[in-house]
Structures are given as C-alpha cells and as structure tokens.
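*Asks:*
Protein chains in written order, with our numbering: chain A, 2 to 367; chain B, 9 to 404.
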C-alpha cells in the first residue's frame, strides 16, 4: 500500500502520445456514429493500433512474441481508448481474453493475438463480475453445447475462450469462430462502440486449454478487465469534462458565457474534483496490479465502484450542459453517454463491486 | 558528494551540535526551542538570524526527524498553529529586519501564541470588506471594531490583524496589516459558543486599541496583499499521510464491526459508498504528495478540502443514523473551551455537529468552487458590483 506510484512515467507518456495521435487521425464522430447504423467488421483502426503500435501484445510476455508490459502501460492505452470512445476490442481481447489464455497457458493462441492478426473474446456475459458458479455451456465428448448471452466483441472475434462445465467442474476451451456448431448473433447494443452478441454452441469442436484451474484463470482475467476498465472510464470522464468545459466557455446566453453562471461553474468545479480523484483510484488499481500487490483486490473493487459512476456523471453533465445540441445524433456526447453507461454495467455493477469490497475489508452486510 | 548531500551532512552536524550543547533531560521546552531557533534549525528555509539557514524547505524534514528521534522537546500539539503556520511566513515575507528579529523568536518558542483577527460579522467570505478602523495618531494607530471566529484569542499574546485605514478607496486598497498585542486593555475577548455547545472560537471587541506603527506589517494600504500571503498558508486538514480508514469513516466502520446488532442491510451499500469515497480521497492525497515530491505542484488542495468537508458531513450523519436510538444521546453540552480541536474526537453527535463547520471555515465550499472554476478551470469571474467604488459607498 505504501509503495504505490500513482504518477505516470516518461515511457507511459510516450505511449499515450502515440496512441492519442493515431486515434485522433482515425476516429471521428462520423466514424463512431456509423458503428450504430452499419456495424462493420474488425476495423482498419484496430489493425493500426495492434500492428503499428503493438497494443494487442502489451500484456503478452516477450518470449511469446509480446511486449511484456504491465497494467500500468495498458492503463494508459485504455485511458486513450476511453477518451476517443474508440470501437476497438482492446479490453475484451488484449486484456480479458489474453489474461485468460495466459493463465491457462495457451501460448499458441497468444502468439496469434500478439501479432494483431486475430482477436479473442471470453465467452461470458459482459456483466459477469466473477466466474460462473455453473457455466451455461457444457463440455462433452461430442463438443461444446449451450448458449451465452451478451458477450462483448464476440462478433469480430475469431477465437472464443469458453468457460464450460465439464465432468469435474469448470473447464476452459478455445473455439474458432465462425466455425461448425458455433453461431454468433450480434444484437443491437446500448453501446455500439463495444457491441455485444449472443453465442450459441451446438456440438462445436473445441480445444481444452486449462490445466485444472479454469476458475482461477477466468477470475484473473475478469480482475485485469476490471482494473483496466477503470482506466478506460477515466478516459471517458476526462474527455466529457473537457468538451463540457470548452462548451460552457464559448456558449453565450443572456449576453454572458454560460460558464460565468454559478449554477454552471459550480457543477464544473465538482466534476473536476470527481474526475481528478477517479484518476487516483484507477491509477492505484493499475499500479497494484502491475506490482502484484495483494491490495489489488481492494484497489480494483474501489476503482470499479467509483470510476464507472464518475464516468456516467461526467457524460450526463456533458449532455445536460450542452443543452439541446447534447441530445442530438450529430454531437458526440451521446457516444460517450452510451459507452459510460455500458461500461458501468460491465464486469459487475458498482453495487456488486461494493459487495465484494465489503467482504475484503471486513464489513459484512449482516 | 552532490550539493544536496553536502547540505544534508552539514545539517546533520548542526543538529548534533545543538543536541550536544543542551541537556535534554533538564532543559525546558521554551529554552530548547529558543536554542534551536538560534541554531537556524527552526525553519531552515528562513533567512539566517530568523531561525533559518536560507535552505530549500525540503531539508526541514531531516532536522525534524532527527530531533524527534533524539527525543527533543517539540511544540505543544495543537498550539500556535496560526503563529507558526500563518503569521511566521507573513512576517518573514513582509517584515522589516527589525520586525523579523523581534517577532519571530518568541513566536517560534511559543512565548507568543498568535491568533488571527481577520473575519468580522460583516466580512466573512468577502474578507476584503472588513470594517474595523485603524486611525493614525502620531506613532501609533488606534483601532476600533469587532472580529469573530477567532480561535485561541483567549490564550494568544499576539494577533495578526487586518483593519481599514482608508474608507475612500475601493475595498481591497484601503486595508493595512498589523501585529496586535492581545494584552492591550482595549482588547475584549468573549467566548463564542457554537453549535456543539463548546466555545472553540471567540468574538474579539477592539476599543481604542493602540498599536505602535512599528508593528505595522507592510505598507499602509497594502494589507490585502499581505493577508493574501497569510491565507495562502492556511493549512487544510486533508487526511494526512494516511492509513486507510482514518477520520470519520474509521468511526462508522468501527461501529459497524463492533456492534453487529446495528447492522441494517438496507444501510450496507451506503456504508460501502462512504468507504469507497474516503479511500478515493485518501488515494488522491497520496497522489498529491507524490506530485509535490516530483516537482509537479497542482491545484488539488482546494479539491481535497471540498471533498473532506462533504465526506465528513455525510459520514458523520450516516453514523448517527446507524446508531439509531443511541444517536439521540449527546456526550456533553457544557460550554467548555477546548485547547485543541479533534474533528473525530468525542461522540457521534459532536462529530456530526462539528463537521458542519468544515464547509464554512477556511473558505466556504461555495467560495472554493468559485476558486476552482475561475482559477483552475479559467471560467469567467463572478460579476462584482463593489470592485471599483470607494468602500464607504458599497451597499451594506
């Protein structure tokens, strides 16, 4: 708890600058809005991030063709993706599925992901905070069968990492998608910059990858996801705050900039405080994860409880303080609101995070 | 050896020499502090002769920790914070050589405890509106007026005072800053009983108080600039260096843990929300210190104070609800005059009531939001109707 470093190093700032530059070039509100009307496949944007900047390989060890970085560096990428609401499967593939594969020991698939050629998705509902008590997919000698609803970024993934119930409990399998016996059905999503899909298996051929601790692997994957989701959320929140601050400065009503009204400026002041403090919580989570500090469980739960709600608040203030324009399809505020609200529900709600936290710090409900 | 290492080695030597020169077992607190002052080890960033050595402030910690380890006498806890924290840097910045030599040593040793005569019934958030008048009479000034919210006025020997010396110019330009002798017969200190029942603060009535011109700090009419320096040194309790579950949340969590019969599942999520917010505030304080240490000072101080006040109020209110019927009891309404204040001391009822002051004292939360919005975020300033007119013509 005392060794935490909550600041950013030079290398991290350089990584941030290159990701920001690339996203600024390739992500526009028009590109993002198109995600709602014409959902596309894996974009050129992702190929740029994955191949040119190597973000897909960040958490993969060097000996497996990766970069061998930690959550501290990945957090910077997540922040920038949040700032741009970029429609890329970084969190789902390069963090959650990657950590699941790492923990299970599937080096072969990791090498493919590191090269940025393919993406993977953990076949678990995106709202899950913990491994399933009983997986809805069954592993039998005849293949995988069962249905998983609301899997994030499954529509573009070519590898599905599937928690499945075997004879002796939870197992972890990989399945190639699309493929025989596997159906992925995209569904209209609250946040189309990270679309969800339903996945159905009907005797799908699979490869079992775990070495007996599938539950531990999934738990680690979800924790890494929660830690880095918090950083994405402060990216969303920061950008919403900045857009709003710019707008209230230049919007004139009653012959004054609306940012001169206390009713407005006090809201901005409060939001600035919140967004800044959320940054400390997210950074602490990333830092404890990177250092394998045992406090990471508490840090992740705190960040999950706090940062998601701050991002939603920032996006809601963004819509409200923009007035009518904030309600339009044309203005990007809605893209941030949808991402923020969806992010708040991802990997467990803030309520679930606080329940988990209560157990960790000895404050039982009853 | 780098410069820093050379300075550290020299300081360590000076501390050793100071400790060699005194008999720690016998020397009194004031005498030791005097010797420490004379050795330049009171505040190392002050000039030589003023209790310092003209070094960067970072070296103070080395001196403090070594003296602490040696068991040297320290200042009385909770006493003369205004003197050391606010008056001293102001005297060091604006005092003449004569004033620095005369005033700083007794301030440091605790012989002269200081209080602050700034706020008035008509000048709270709008501090530049002070109405206490100082009129020149030869080599002295004659002061009349009323000050309020003065902690330690009943024990202080000196005060820093802002008074109006010119009513015909706009409010910020007609103020002058003085060091006031609290033993002057014209100073009448009356306890100001507050919401908690105790009298932590005072009202101070000034009637024909005579202040020698030698105790004026800064130029006549320069009082606002001098006072601004004082206020910039006003330290805010930000929850310190700080283990988890300090402050109000520690009290609420303790009650939840130790009294299972109080646990209402309907209150659990609120408890955890408070816990999370307190932890996030703690992490923000840690980060603020890391930024300072890395040479990246930021404007987070005002954010910390806003958050501290909000959480102290919310959590102390929650704690009373958690206690239920027990929350109906209050520990003591006696009009006591506490020597120091502990926001989390005493009972839950006291904590709840005292916390109400946290969003008022040292800058209200509303003023702090203005400060953040205008100075940090660069939003346009409030419209001011009193800025360019003589103080005497401002509506009141």
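We put the CB at the ideal spot given by N, CA and C, even for glycine.
Report the option in B/281, B/228 and B/309 whose CA atom is closest to the CA atom of residue 144 of chain B.
*Replies:* Closest by alpha carbon: B/228.
*Asks:* Let me confirm a value: residue 1 of chain A is counted as buried when at least 16 other C-beta atoms fall within 10 Å, else exposed. Which label applies?
*Replies:* Outside the shown range of chain A, which is 2 to 367, sits residue 1 of chain A, and nothing can be said about it.
*Asks:* Just curious, the alpha helix (DSSP H) that residue 37 of chain A is in, first and last residue?
*Replies:* First-last of the alpha helix (DSSP H) with residue 37 of chain A: 30 to 38.
*Asks:* For residue 155 of chain B, which of helix, strand or coil comes out of DSSP?
*Replies:* Looking at residue 155 of chain B - three-state DSSP - the assignment turns out to be strand.
*Asks:* For residue 16 of chain B, which residues from the same chain have a beta carbon less than 8 Å from its beta carbon, with the 5 sequence-adjacent residues on both sides left out?
*Replies:* Closer than 8 Å at the Cβ level, and outside the excluded window around residue 16 of chain B, lie 67 and 70.
*Asks:* On the criterion of 16 or more Cβ atoms from any shown chain inside 10 Å, does residue 63 of chain A qualify as buried, or is it exposed?
*Replies:* Residue 63 of chain A is exposed by the Cβ-count criterion.
*Asks:* Are the C-beta of residue 248 of chain A and some C-beta of chain B separated by less than 7 Å?
*Replies:* No, residue 248 of chain A does not count as interfacial toward chain B.
*Asks:* Using the Cα positions of residue 172 of chain B and residue 186 of chain B, report the straight-line distance between them to the nearest angstrom.
*Replies:* One C-alpha to the other measures close to 11 Å.
*Asks:* Threshold first: 4 residues or longer. Then list the alpha helix (DSSP H) segments lying entirely within the segment 21 to 80 of chain B, N to C.
*Replies:* Counting only runs of 4 or more, we get 37 to 46 and 68 to 77.
*Asks:* For the ligand GTP, is there a heavy atom less than 6 Å away from the beta-carbon of residue 334 of chain A?
*Replies:* For the ligand GTP, the structure offers nothing, since it holds no ligand at all.
*Asks:* By the criterion of Cβ-Cβ separation under 7 Å, what are the contact partners of residue 305 of chain B in chain A?
*Replies:* By Cβ distance, chain A contributes nothing, its closest Cβ being about 13 Å from residue 305 of chain B, past 7 Å.
*Asks:* For residue 160 of chain B, which residues of its own chain have a beta-carbon under 7 Å away from its beta-carbon, when the five flanking residues on both sides are left out?
*Replies:* For residue 160 of chain B, where only same-chain residues beyond five positions count, the Cβ hits under 7 Å are 90, 121 and 123.
*Asks:* I'd like the ranges of any beta strand (DSSP E) spanning at least 3 consecutive residues and lying wholly in the segment 283 to 362 of chain B.
*Replies:* Counting only runs of 3 or more, we get nothing.
*Asks:* Could you check where the alpha helix (DSSP H) with residue 97 of chain B kicks off and where it finishes?
*Replies:* Residue 97 of chain B -> alpha helix (DSSP H) spans 96 to 102.
*Asks:* Name the DSSP beta bridge partners of residue 184 of chain A, please?
*Replies:* DSSP, once it has assigned bridges, lists A/201 as partnering residue 184 of chain A.
*Asks:* Give the straight-line distance between the Cα atoms of residue 4 of chain B and residue 361 of chain B, rounded to the nearest whole angstrom.
*Replies:* Lying outside 9 to 404, the shown extent of chain B, residue 4 of chain B is not represented and no answer is given.
*Asks:* Assign residue 83 of chain A to buried or exposed, taking buried as 16 or more other Cβ atoms, counted over all protein chains shown, within 10 Å of its Cβ.
*Replies:* That one is buried.
*Asks:* To the nearest angstrom, report how far apart residue 106 of chain A and residue 72 of chain B are at their CA atoms.
*Replies:* Roughly 53 Å between the two C-alpha positions.
*Asks:* Does residue 288 of chain B come within less than 7 Å of chain A when only Cβ atoms are used?
*Replies:* By this cut-off, residue 288 of chain B is an interface position.
*Asks:* Mind pulling the chain B residues with CB within less than 7 Å of residue 303 of chain A?
*Replies:* Near residue 303 of chain A (Cβ distances below 7 Å), the residues of chain B are 284, 287 and 288.
*Asks:* Run through the DSSP bridge pairs and tell me what residue 149 of chain B is partnered with.
*Replies:* Partner(s): B/144 and B/219.
*Asks:* Report the partner residues of residue 212 of chain B according to the DSSP bridge assignment.
*Replies:* For residue 212 of chain B, which the question treats as bridged, DSSP gives the partners B/155 and B/197.
*Asks:* Excluding five sequence neighbours on each side, which residues of the same chain lie with their C-beta closer than 7 Å to the C-beta of residue 1 of chain A?
*Replies:* Nothing can be reported for residue 1 of chain A: it is not among the residues displayed for chain A, which extend from 2 to 367.
*Asks:* Verify the CB distance criterion: does residue 345 of chain A have a CB-CB separation below 7 Å to chain B?
*Replies:* Cβ-Cβ to chain B under 7 Å: no for residue 345 of chain A.
*Asks:* Answer yes or no: do residue 280 of chain B and residue 281 of chain A have a C-beta to C-beta separation smaller than 7 Å?
*Replies:* Their beta carbons are not under 7 Å apart, which means residue 280 of chain B does not touch residue 281 of chain A by this criterion.
*Asks:* Among B/48, B/77 and B/238, which residue has its Cα nearest to the Cα of residue 19 of chain B?
*Replies:* Of the candidates B/48, B/77 and B/238, the one whose C-alpha sits nearest the C-alpha of residue 19 of chain B is B/48.
*Asks:* Within a Cβ cutoff of 6 Å, which residues of the same chain sit near residue 324 of chain B, ignoring the five residues on either side of it in sequence?
*Replies:* The answer, listed in chain order, is 256, 359, 360 and 363.
*Asks:* Quick one: residues in its chain with C-beta nearer than 6 Å to the C-beta of residue 51 of chain B, no 5 flanking neighbours on either side, listed in chain order?
*Replies:* The answer, listed in chain order, is 59 and 60.
*Asks:* List, in order along the chain, the chain B residues whose C-beta lies closer than 8 Å to that of residue 307 of chain A?
*Replies:* Within chain B, the residues near residue 307 of chain A are 284, 285 and 288.
*Asks:* Determine, for residue 260 of chain B, whether the minimum Cβ-Cβ distance to residues of chain A falls below 7 Å.
*Replies:* It does not: the Cβ of residue 260 of chain B has no partner Cβ on chain A nearer than 7 Å.
*Asks:* Leaving aside the five residues before and after residue 197 of chain B along the sequence, list all residues of the same chain whose C-beta is less than 7 Å from its C-beta, in chain order.
*Replies:* Taken in chain order, the residues that qualify are 161, 162, 210 and 212.
*Asks:* What is the DSSP secondary structure of residue 114 of chain B, reduced to helix, strand or coil?
*Replies:* The answer is helix: DSSP assigns residue 114 of chain B an H, G or I state.
*Asks:* Using DSSP's beta-bridge definition, name the partner residues of residue 128 of chain B.
*Replies:* DSSP lists B/131 as partners of residue 128 of chain B.
*Asks:* Which value, in whole angstroms, describes the spacing of the CA atoms of residue 168 of chain B and residue 111 of chain B?
*Replies:* So the alpha carbons of these two residues sit roughly 12 Å apart.
*Asks:* Rounding to the nearest angstrom, what Cα-Cα distance links residue 395 of chain B and residue 131 of chain B in this structure?
*Replies:* Roughly 15 Å between the two C-alpha positions.
*Asks:* What's the C-alpha gap between residue 156 of chain A and residue 194 of chain A?
*Replies:* If I take the Cα positions, the gap works out to 12 Å.
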